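In our numbering, the protein residues as written are 21 to 325. Notes follow the structure.
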Amino acid sequence: MPHRVLVTGAAGFVGQHLVAALRADDVVAPVTAWRRADVDLVEAGVVHRAVAALRPTHVYHCAGAASTANSWRTRAATLRTNVIGTQHLLDALQAHAPGARVLIPGSAFVYHPKPTALTEDDALGPINPYGVSKLAQEMLARRVATADGLDIILTRSFTHIGPGQGTGYAASSFASRIARIETGGGEPVIDVGALDARRDILDVRDTVAAYRALMNRGRGGTVYNVCSGTAHPMQTVLDRLLALSDRPIGVRVDAARLRPSDYPLLLGDNARLTGATGWRPTVSLDEALARLLDDWRARVRKEVA
């Protein structure tokens, strides 16, 4: 059977990079990219009709609400998108493409905070609405994989950054502000929240490579951490971005940006992923941050042109 690849959430940050990588591969199957404007996953009938028409053999389910910070303000919508939308997709696949292999990117925010590196066997216990929604999504997918036999691979993805990312994420927000300051946009100060938190950060290209490796070599019904295995203080992330600019830029703590119930450390152990696929991260943090800032510079130049 010829392969037919479906990527949901193709207009999103990771989705757009995944689609580009898949389409750049000369030997890959045709790729169908769903955007919310094309197929809204909370509309069950629409999803069933679209899946029935395509009958995909491989599905990357990247659609969903993805901002931890925004989830405090949009709790119901976050649950509806990440849980109900996933249920509709899995129902449609079971009905119309039961042999499809499905990869569902999840989140490290399903874990209970821990002062050392997290393995896939560590305790779950999300402490923000986004994490709750992703744990519910994961539990739903596990039930479908076990009870209904769908071939589903799950990830718990840690922080990833890169071109095209929005300002709802710390590193991208810092880069956006630096780019605007460089073009004369407002006070030369960056307002920040807590900078002592440490995060495991990947370049989005490495994240996409991990997803593709898991689609090819991962074991169905299994969850994999997608992470670098190294944590960086957010202060370091900001300092390295500031070092890439020749402008004097101040830093100011804004109490409104202090996220409730934050994780002091979010660090993953990627041994299961590397053992199953041979994947290794290839992009350094400095290179990832430089790409992110250059992308924001290009976006800001386009805005002011």
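Don't be surprised by glycine CBs; every beta carbon is placed ideally from N, CA and C. In this text, all values refer to a predicted model and were calculated from it rather than measured experimentally.
State the DSSP-derived secondary structure class of residue i, mapped to helix, strand or coil.
i, result
"residue 150", "helix"
"residue 306", "helix"
"residue 245", "strand"
"residue 212", "strand"
"residue 269", "coil"
"residue 189", "coil"
"residue 25", "strand"
"residue 37", "helix"
"residue 51", "strand"
"residue 109", "helix"
"residue 132", "coil"
"residue 87", "coil"
"residue 313", "helix"
CB-CB under 6 angstroms to residue i, same chain, minus the five flanking residues each way: which ones, in chain order?
i, result
"residue 41", "228"
"residue 211", "272, 274"
"residue 258", "194"
"residue 316", "195, 196, 199"
"residue 101", "84, 85"
"residue 233", "297, 299"
"residue 19", "Residue 19 lies beyond the stretch modelled for the chain, which goes from 21 to 325, so this question has no answer here."
Which value, in whole angstroms, describes the spacing of the CA atoms of residue i and residue j?
i, j, result
"residue 310", "residue 195", "9 angstroms"
"residue 199", "residue 266", "11 angstroms"
"residue 116", "residue 65", "13 angstroms"
"residue 136", "residue 127", "17 angstroms"
"residue 180", "residue 221", "5 angstroms"
"residue 32", "residue 166", "29 angstroms"
"residue 176", "residue 85", "15 angstroms"
"residue 125", "residue 37", "14 angstroms"
"residue 141", "residue 131", "10 angstroms"
"residue 205", "residue 260", "21 angstroms"
"residue 186", "residue 87", "10 angstroms"
"residue 313", "residue 63", "37 angstroms"
"residue 306", "residue 264", "10 angstroms"
"residue 278", "residue 93", "14 angstroms"
"residue 226", "residue 290", "13 angstroms"
So, at 8 angstroms on beta carbons, what are the nonlocal neighbours of residue i in its own chain, with the 5 sequence-adjacent residues on each side left out?
i, result
"residue 28", "35, 54, 59, 61, 79, 80, 81, 82, 83, 109"
"residue 238", "123, 173, 244, 296, 297"
"residue 284", "133, 135, 216, 217, 218"
"residue 164", "110, 114, 170, 172"
"residue 39", "27, 30, 51, 53"
For residue i, I'd like the list of residues in its chain whose CB is within less than 7 angstroms of its CB, leaving aside the five on either flank, ordered along the chain.
i, result
"residue 74", "24, 26, 52"
"residue 98", "85, 91, 149, 150, 153"
"residue 201", "208, 267, 269"
"residue 292", "140, 244, 245"
"residue 288", "128, 137, 138, 178, 220, 245, 247, 249"
"residue 294", "300"
"residue 95", "149"
Please tell me whether residue i and residue j are closer than 8 angstroms, where the distance is taken between their beta carbons.
i, j, result
"residue 171", "residue 114", "no"
"residue 129", "residue 145", "no"
"residue 103", "residue 157", "yes"
"residue 138", "residue 231", "no"
"residue 251", "residue 218", "yes"
"residue 270", "residue 183", "no"
"residue 120", "residue 50", "no"
"residue 149", "residue 91", "yes"
"residue 57", "residue 106", "no"
"residue 18", "residue 203", "Residue 18 lies beyond the stretch modelled for the chain, which goes from 21 to 325, so this question has no answer here."
"residue 68", "residue 112", "yes"
"residue 246", "residue 178", "yes"
"residue 254", "residue 308", "no"
"residue 240", "residue 89", "no"
Tell me, please, which residues DSSP counts as bridged to residue i.
i, result
"residue 285", "218"
"residue 79", "26, 122"
"residue 172", "122"
"residue 198", "Per DSSP, none; premise fails for residue 198."
"residue 223", "181"
"residue 251", "220"
Are any of the Cβ atoms in chain C nearer than 8 angstroms to that of residue i?
i, result
"residue 284", "This model lacks chain C altogether; it includes just one protein chain."
The ligand GTP and residue i: does any heavy atom of the ligand fall closer than 7 angstroms to the residue's C-beta?
i, result
"residue 316", "Absent from the structure shown: the ligand GTP. Ligands present: none."
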